[in-house]
Amino acid sequence: MEYDTYPSCSLDARRQAQAGRDNIYLPDQAIIRNIIRENSLVNTYELTLVDELANHRFSFQPGQFMMISMPHLGEAPISFSSSPDGEDGFSLTIRNSGRLTAAVQQLRAGDIIGVRGPYGRPFPADRLEGKNLLFVAGGIGLAPLRPLIEYWLSRPDEAGNLTMFYGSRTPEEFCFNRDFSRWEQNGLNLRLTVDQTAEEWDGSVGLVTSLLDGYTIDDETMALVCGPGIMIRFVFKQLQAMGMKAENIITTLERHMKCGVGICGHCHMEEKLVCIDGPVFTAAELPDPDNP
Amino acid sequence: MAGLATTFGSGAMTNTINELEEAQVILVSGSNTTVTHPQVARRIFDAVDRGAKLIVIDPRKTKIARHAHIHLQIRPGTDIPLLNAIMRCILDENLIDDLFIEMRTENYLAMCDLLLRVDLNQAAEITGVAADDIAQAARMYARAQRSTICYCLGVTQHTCGTANVKSYANLAMLTGHVEQEFTGVDPLRGQYNVQGACDMGALPGGFPGYQAVADPENRKKFEEAWGCTLPENPGLTVIEMTHGGPDEKRLQAMFIMGENPMLSDPVLDRVRTSLQGLDFLVVSDIFLTETAELADVVLPAACFAEKTGTVTNSERRVQLSHKAVDPPGEARADGWIIQEISTRMGYPMQYESPREIMEEICLLTPIYGGIYHDRLHASWGLQWPCLDRNHPGTPFLHKYNFTRGFGRFEPEQHVPPVEPADNEFPFVLITGRRYHQYHTGTMTRRSVTLTRERDTSLLDMHPEDAKELGLADGCRIRVRSRRGSVPFTLHLSTQMDRGELFSDFHFHESPTNILTLADSDPEAKCPEYKCCAVAVEVDHD
Amino acid sequence: MPDIPSICCYCGCGCGLYLHVEHGRVTGVSPSRSHPVSRNNLCVKGWHVHEYIHHSDRLTRPLIRQHDRLRPASWDDALDLIAEKLTAVKEQYGSDRIGVLSSAKCSNEENYLLQKFTRISLGTNNIDHCARL
Amino acid sequence: MIETQTLHKDYLRPLLRKLGKQYRLVGPVRNRFGDTLYIEITDLDRVDIDLKHQPQNSLKSFFFPQTEPLASYIVDTEPLSPTQLYSFHPLLPENRPTLYFGVRSCDLFAVLYMDMIFLGGKHRDIYYEQRRRGAVFITLGCNEPFANCFCNATRNGPFLEFGFDLQLTDLGPARNSYFVEAGKANGVKIVRKWARFFTVSTKEDRRFQYQAALEARGLFKQLVHVDLACQELEKGCEPEDVLTDFSQRCQDCGGCAFICPTCTCFSITDQARDQGSGERIRSWDGCTFAGFTRMAGGHNPIDMRRHRIRKRFFHKLKHDVQKHGRPSCVGCGRCVDMCFGGVDIIRFINAITEAGDLGRGKKRGV
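Protein chains in written order, with the working numbering: chain S, 3 to 294; chain F, 11 to 551; chain Z, 5 to 137; chain B, 96 to 461.
Below is the structure:
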């Protein structure tokens with residue numbers, strides 16, 4: 003009988019391996035090498051696949067995501083936050099926002115989580131090459147942009163000017179602030195802003211859109227925007243008002259997903275599926291926000 | 011249900027659910043039909059689409075009320091003055107059914123006497139409904155040939171619940187809107203087999219088929235059939251059992267089968283003390299409920315899909331439900347458990363199958379006289395009364411005459427709620443169900459999809475009230491009454507009237523029934539769930 | 005295995021439905037078209053009625069309280085203990101000191117048996133259920 | 096050239112008995128309550144095969160059950176090696192070659208749609224594949240459409256041109272036989288292998304078959320202009336009024352998605368069996384549920400009921416037209432009479448086409 007009712011029943015090993023490889027719903031195991039605390043709600047997890055061969059073959063592109071799973075708690079899609087050039091594994095930056103991610107926060111280095119992927123359409127590297135890149139991020143929205151920043155900073159000859167405007171609620175809540183000085187040294191023009199001022203803060207205060215005012219847009223500029231939905235909407239509006247073409251503004255979306263591979267239907271957005279047609283979209287591809 | 015029993019002689023729905031479709035006017039009272047009885051709401055929508063008129067009496071602007079032609083948004087607990095005013099209008103405009111009153115009812119003069127003393131303006135003031143709307147509703151209801159009343163626990167769960175029900179019965183009799191197909195008075199029963207549990211005599215005062223224990227004839231009949239002597243003094247009701255309390259200790263031991271009074275009964279603190287005060291508590295259930303956690307012995311029971319048996323729905327339809335799978339582990343059906351205990355206590359019960367039990371029920375219960383399992387095997391049920399094997403069942407009751415002979419008018423006066431809002435407790439709390447959850451959530455909270463849809467207890471409040479208190483949608487609040495306090499998440503809803511709150515009782519994290527009143531109706535012993543005074547404050551925990 | 009006709013276990017409408025059984029598990033439900041109430045549809049609760057049946061929280065063994073904790077026991081032990089304790093209360097305090105709550109979630113047959121048991125074996129009319137709640 | 100044969104009605108049962116030895120049989124059966132359902136037939140002699148009424152379920156649950164375990168998993172709290180810590184073991188369904196007979200055109204077409212969803216993308220769903228592989232379909236054209244059908248408007252019935260292994264057409268009481276068309280190799284194989292039951296069709300049979308097909312087109316009780324509605328939606332029509340009305344009537348039961356033969360959305364949940372093990376379970380889901388799109392933090396990009404209903408109808412009539420070239424509604428009409436509040440696709444389509452007509456006349460949008 004081919005139906006295996008209980009895990010104790012042993013399946014033919016070869017068939018199990020076969021089924022496992024074809025089976026899009028079952029995760030691989032990844033071991034947590036290191037955990038970096040970004041702020042009170044956000045951690046970055048450095049992961050390696052337990053299977054060495056799989057780990058060796060593993061690669062991803064900026065903008066893609068993984069489905070992570072925890073025992074009894076199901077799955078959630080999480081964007082890559084490390085450089086795609088990384089040798090050993092990848093990083094996921096996870097915010098505590100539900101039962102699954104709360105459980106992830108309890109993990110320690112050496113623990114195992116389930117991962118499957120990479121999934122999704124990445125940032126269009128060919129369209130970004132040689133362009134001036136304007137990154138606009140809010141809060142944990144920096145995470146999916148970080149692989150892109152690392153990627154282009156390490157290829158200075160292929161990239162144009164890199165600028166980033168990054169906003170956060172408070173100075174403590176900036177993610178990846180350990181990277182800021184290295185990025186700036188490598189040529190990133192970085193401007194930070196916070197919503198609420200604090201004592202040791204001497205940077206600007208206000209919404210990230212206010213930083214855009216001084217920036218000049220030309221045809222060679224591509225904008226990469228990620229953050230809370232409302233921020234994305236306002237940045238889009240302002241960039242387009244400043245003369246930027248909708249197809250040059252790129253963002254990455256977050257949706258409730260179950261399969262990650264375009265079957266389950268949860269992430270339908272008009273005729274598109276965020277998991278396979280996205281999560282990276284240009285502003286031109288996004289539907290009218292009033293009719294999601 | 012006592013109300014209908016006194017006026018009509020039977021406390022069950024007079025019609026079938028399908029008959030609602032053919033009604034010309036449907037009066038829905040105290041029922042959030044779309045949430046609690048979706049199938050009934052479906053018939054109402056269908057009827058309205060076909061041109062029927064819909065009158066809704068409810069303090070909340072529920073979904074069904076939004077579809078009503080007339081929504082009488084009364085203050086909680088003011089059904090009687092409203093109905094008396096409606097009946098007065100009917101009387102004034104001479105829309106009464108003289109012939110019906112003459113032929114089929116009694117005590118009309120007393121009713122008339124009361125109605126003639128009703129002051130319409132005063133009624134409008136008490137109920138908070140404009141006198142014009144009342145008159146319009148009265149005309150609409152009385153002028154139609156086929157008008158049906160549906161009511162639910164919003165009517166009965168008051169200290170004057172029985173009187174409320176009697177008033178609806180009065181209204182139906184005054185206009186002759188009973189005793190026919192498509193018109194009647196339909197109490198909607200809230201649970202799986204609540205009708206059947208009543209029918210089967212799980213009541214302190216009645217043997218199966220509403221045969222009163224107090225009647226020596228009935229006792230004799232059952233004593234002969236069962237071969238024993240039976241107690242004659244009437245027993246205690248739920249609230250009397252669960253509210254025993256330490257000083258007036260009434261019970262030493264309890265056997266609870268598939269109930270969760272630790273979440274469903276009012277004034278939970280008292281329930282806890284009385285259950286903890288018992289020497290011995292047995293609970294048989296499918297999950298470890300809040301009540302089972304207090305038990306001395308917990309028995310694992312089988313759920314509906316794991317046993318065969320009949321259940322009776324709201325429209326008196328007795329249906330056979332089949333066993334589909336085996337119970338998990340060592341769990342056994344409640345029927346087996348009872349037989350085992352009874353045998354061990356010296357009264358052997360050895361039934362081969364539910365079929366055999368049903369045959370005994372048929373023998374002893376006239377209204378179930380012809381409801382044998384084999385008749386139910388190939389049909390979706392028979393509606394009682396079904397007197398013998400050849401009886402086709404009874405879709406609508408009281409044809410030719412009322413079950414009790416004549417329908418009896420029972421004039422009723424306004425009984426104000428026990429605990430009106432005051433300065434300290436300025437809000438009136440109404441409790442009820444949410445769509446995705448059911449009762450104490452024992453089953454629905456274990457269903458992944460239903461839990462995903464709703465897994466927190468919300469407190470509905472009018473946005474203006476929230477604004478005055480400085481509360482925002484979704485914030486954590488604490489609701490306090492004279493009996494205790496409970497945390498909730500605030501939900502702003504225009505369904506509510508100013509000064510009124512609504513919440514559910516599905517969630518053990520927010521045990522709403524800590525707040526509610528134990529005061530119950532003197533006849534039906536239905537607690538006043540729909541009306542208690544509370545205050546709201548921000549939860550700082 | 006064919007579909008098993010059953011009745012929805014939630015509200016009093018009493019919708020007729022079919023339970024789909026595969027490998028000893030209820031895997032789904034579908035409403036009956038000919039049923040006078042369900043008429044080919046169920047509400048959201050009815051459509052998910054199968055989801056709790058095989059939940060891991062289901063009680064699978066009798067439990068007896070020992071030293072303030074509920075511990076698994078055999079059926080014989082549990083039933084004997086119940087019979088013994090109820091008989092003791094009955095003899096020591098009288099029948100009317102025992103109360104029984106029946107259930108609107110159990111079948112007619114079970115309700116009938118429970119009231120019969122209460123009236124005969126326990127000798128009291130202290131039986132009620134949640135109709136009023 | 097597709098071979099055509101006729102099958103005398105008396106021979107249908109003997110043919111099925113022979114085929115039943117080779118295949119698991121699934122067909123429409125009328126049960127003792129008077130409901131007609133597609134069920135697995137284990138004993139041909141004990142069931143009442145019903146080819147007169149529309150089966151109330153579709154074939155969806157045979158390929159994509161309402162709940163289905165995908166895998167079991169083990170969580171070892173004291174692991175011997177890290178790989179044992181959290182591992183999954185697939186629970187594949189059996190692959191049982193199944194003959195589906197008496198299948199209506201709409202239901203077969205829905206299966207073809209599901210094939211595209213589960214097997215047509217970059218990633219294949221092996222659970223679906225396992226159930227789908229080796230399925231043979233003998234369809235039955237509808238001489239008389241049922242109360243709410245409109246498959247002529249969605250262009251996948253009442254008779255099919257492709258997709259079936261064998262298609263039967265009832266030639267009426269006078270001839271008492273079925274006209275048989277073989278559409279695929281399996282169908283040809285059946286006809287060849289059991290040739291003794293079949294007769295080569297005559298010109299006369301062919302004429303009767305055309306007549307049945309022509310008559311059936313005239314017997315539809317519902318007049319629904321699906322193509323016009325699709326055009327209107329393609330042009331950007333947003334039927335606000337009807338959606339507002341629907342949102343006040345929808346009672347959130349999800350029945351429309353569950354009964355729909357082409358609604359394939361599902362949810363995956365991990366359900367604990369005990370502390371150390373559990374199952375990954377897939378179950379049907381519906382886009383009309385608020386929880387369908389709600390994200391972990393509580394934010395819901397589609398939080399208004401109006402938008403959820405819009406999504407459901409637009410998916411069927413607009414987005415799938417854009418993606419796959421045809422609407423994914425197959426016109427079976429099952430969602431029409433089952434809805435609690437009259438939120439049905441026929442009303443939706445009619446509202447759009449009526450408004451469209453109005454617009455064409457008066458140059459005004461919806």
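The C-beta atom is built at its ideal place from N, Cα and C for all residues, glycine as well.
Delimiting residues of the alpha helix (DSSP H) encompassing residue i
i	result
Ser177 of chain F	171 to 184
Leu213 of chain S	210 to 214
Asn131 of chain F	130 to 137
Leu386 of chain F	383 to 386
Asn190 of chain B	Careful: Asn190 of chain B lies outside any alpha helix (DSSP H) and carries neither H nor E.
Ala127 of chain S	127 to 130
His402 of chain B	400 to 409
Phe206 of chain F	Checking the sequence shown, residue 206 of chain F turns out to be Gly, not Phe. That run of the alpha helix (DSSP H) goes 204 to 209.
Thr91 of chain Z	79 to 97
Nonlocal neighbours in the same chain, by C-beta distance under 7 Å from residue i, ignoring five residues either side
i	result
Leu323 of chain B	Thr448, Gly451
Ala105 of chain S	Met72, Leu75
Cys10 of chain F	Given a span of 11 to 551 for chain F in the structure shown, any question on residue 10 of chain F remains unanswerable.
Expected contact under 8 Å - CB spacing of residue i and residue j to nearest Å
i	j	result
Arg97 of chain S	Thr103 of chain S	6 Å
Ile57 of chain Z	Val25 of chain Z	Incorrect: roughly 10 Å between the Cβ atoms, too far for contact.
Thr211 of chain S	Val237 of chain S	6 Å
Leu552 of chain F	Gly200 of chain F	Look at the range of chain F in this structure, 11 to 551, and you will see that residue 552 of chain F is not part of it.
Residue i - containing beta strand (DSSP E), residue span
i	result
Lys63 of chain F	63 to 67
Trp379 of chain B	372 to 379
Cys160 of chain F	157 to 161
Ala224 of chain F	Where Ala224 of chain F is concerned, there is no enclosing beta strand (DSSP E), given that its DSSP letter is neither H nor E.
Cα-Cα separation, residue i to residue j
i	j	result
Ala127 of chain S	Thr364 of chain B	35 Å
Gly65 of chain S	Gly122 of chain S	8 Å
Pro146 of chain S	His550 of chain F	36 Å
Val248 of chain F	Tyr181 of chain B	48 Å
Glu191 of chain F	Cys345 of chain B	29 Å
Thr178 of chain B	Trp346 of chain F	Confidence in Thr178 of chain B is poor, its pLDDT being 49 and thus under 50, which makes the residue's placement too unreliable to answer from.
Met355 of chain F	Glu250 of chain F	26 Å
Cys19 of chain Z	Arg43 of chain Z	8 Å
Gly252 of chain B	Ser457 of chain F	38 Å
Pro40 of chain Z	Thr254 of chain S	50 Å
Thr459 of chain F	Ala135 of chain Z	28 Å
Asp265 of chain B	Ile221 of chain B	36 Å
Residues near residue i in its chain [Cβ-Cβ closer than 6 Å; skip 5 each side]
i	result
Asp100 of chain Z	Thr128
Arg377 of chain B	Glu163, Leu165, Phe361, Ile363
His148 of chain B	Thr131
Sequence-distant residues of its chain with Cβ nearer than 8 Å to residue i (five each side left out)
i	result
Glu410 of chain B	Strictly speaking, residue 410 of chain B in this sequence is His, with Glu absent from that position. Answer for His410 of chain B: Cys382, Ser423, listed in chain order.
Thr318 of chain F	Leu330, Ser331, His332, Lys333, Ser363, Pro364
Thr504 of chain F	Lys71, His472, Pro473
Leu553 of chain F	Past the edges of chain F, shown from 11 to 551, lies residue 553 of chain F, and the structure says nothing about it.
Leu126 of chain Z	Leu90, Lys94, Ser99, Ile102, Val104
Curious, which full-length beta strand (DSSP E) runs of at least 3 residues does the stretch 235 to 286 of chain F contain? 263 to 267
Could you tell me which whole beta strand (DSSP E) segments of length 3 or greater appear in the stretch 121 to 161 of chain B? 131 to 136
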